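Notes follow the structure.
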Amino acid sequence: MPHDHAPAADGEILLSPRYLAASYPEEHHALLAAFADEAAWSASLGESSFSVTSPCERLTIRHDRTTEGNGPHLVITARTDKDAPERWRADVAGLVPVEFVASLINTVATGLKADPDHAIYGIGTEPDLIELHVDPSHWDYIEDLGLTGFQSHDGHAAVLGRPPGSLGPPLQDDEAIIWHIGAYPDDLGPLWAVSFTEKTPPFVVNVVLAQTLSTAPIHRPTTSVLPEALAPLVSARWTPPAPRHPTAQPRPAHGLPGGPGTSRSPRTH
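Be aware that the sequence shown starts at 1, since it is given in UniProt numbering, and climbs by one per residue.
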């Protein structure tokens, strides 16, 4: 099990359930910094924050290292133009698996590049729908106080929806939030949460729903670190590296290697 001082080894660790494969906010920050470099988004560094902005200046991702309590430390904000009010928002709080955050950021960035109106306004040639691919052997349907969704069988994670105009209690004390996805292990309190406001395009919400509801384990290097308190709740299985097969060398058409009839190409580096 990869904890504070896991030995280095070849292969990977498979962690399940995937929603308890926690990642520290520092990993989210490193992910965002790498994304900014690769995607050529503009970056700005504040006293305690790091922000990246799309070339069209309509989408910003901000990471704040000083967030306290259960508040979001990474926020994705979409606007119709750089000076317009917020149109939709995604909040990332706590120890969200870094794979979930990577999928969210990449999906938003790819969608914005492919079709800005689709990413900002949620409009396209085909209407988007929320997709819930649920394995009933792992998740239970829940409906209470105007909220609907699914809870994991172990009780440690939930996906909750609150339709606009619902009389149910607001999610995260914010009337604008209509989707809330998170993990709440017994005796540990809130582990992580991702929330989406009303006008978030469904394709953005779907990527986090899919990551959370999937029953497949998460693949991590054997040097990965998990909070010690999660050890009793997470199953870890080592898998060996894929075998490396030597590349087959073509046989010469005539003669022995290096002999008549054999041509050699210069070695390149």
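Built from N, CA and C at the ideal position, the CB exists for glycine as well. Please read these numbers as outputs of a predicted model, since none were measured by experiment.
Check, Outcome
"Close beta carbons around N70, own chain, < 8 Å, minus the five adjacent residues each side", "A93, G94, P190, A193"
"Assigned secondary structure, I130 (DSSP; H/G/I helix, E/B strand, else coil)", "coil"
"Other residues of its chain near I135: CB distance less than 8 Å, five sequence neighbours each side excluded", "Correcting the residue type first, residue 135 is Asp in the shown sequence and not Ile. Same-chain partners within the cutoff: L213, T215."
"Buried or exposed (CB count within 10 angstroms, at least 16 for buried), W238", "exposed"
"Alpha-carbon spacing of C56 relative to I120, whole angstroms", "11 Å"
"Whole-angstrom distance between G149 and E143, CA atom to CA atom", "7 Å"
"Burial state of G146 (16 or more Cβ within 10 Å)", "exposed"
"In DSSP terms, what W41 is bridged to", "Paired residue(s): none; W41 is not in a bridge."
"Sequence-distant residues of its chain with Cβ nearer than 8 Å to D81 (five each side left out)", "E57, R58"
"Option in L32, A158, D64, I177 with minimal Cα separation from residue 290", "What is shown of the chain runs 1 to 269, which leaves residue 290 out entirely."
"Reduced DSSP secondary structure (H/G/I, E/B, other) of L188", "coil"
"Own chain partners of T66 with C-beta closer than 6 Å, once the 5 adjacent residues on each side are dropped", "S48"
"Close beta carbons around P85, own chain, < 6 Å, minus the five adjacent residues each side", "none"
"Other residues of its chain near E26: CB distance less than 7 Å, five sequence neighbours each side excluded", "none"
"Nonlocal neighbours in the same chain, by C-beta distance under 6 Å from D91, ignoring five residues either side", "P72, V75, S195"
"Residues sharing a beta bridge with Y24, DSSP", "Paired residue(s): none; Y24 is not in a bridge."
"Host alpha helix (DSSP H) of L145 (start-end)", "Element bounds for L145: n/a, residue is neither H nor E."
"Buried or exposed by the 16-neighbour rule on C-beta atoms within 10 Å, applied to P38", "Pro is not the amino acid found at residue 38; the sequence shown has Glu there. It counts as exposed."
"Between the CA atoms of I123 and G165 - distance to the nearest angstrom", "22 Å"
"Option nearest E12 by Cα separation, candidates V225, P221, P232, S235", "P221"
"Nearest neighbour of W88, chosen from P232, I177, P217 [CA to CA]", "I177"
"Which listed residue (Q151, R162, W41) has its alpha carbon closest to that of N106", "W41"
"For A216, the three-state DSSP class (helix, strand or coil)", "coil"
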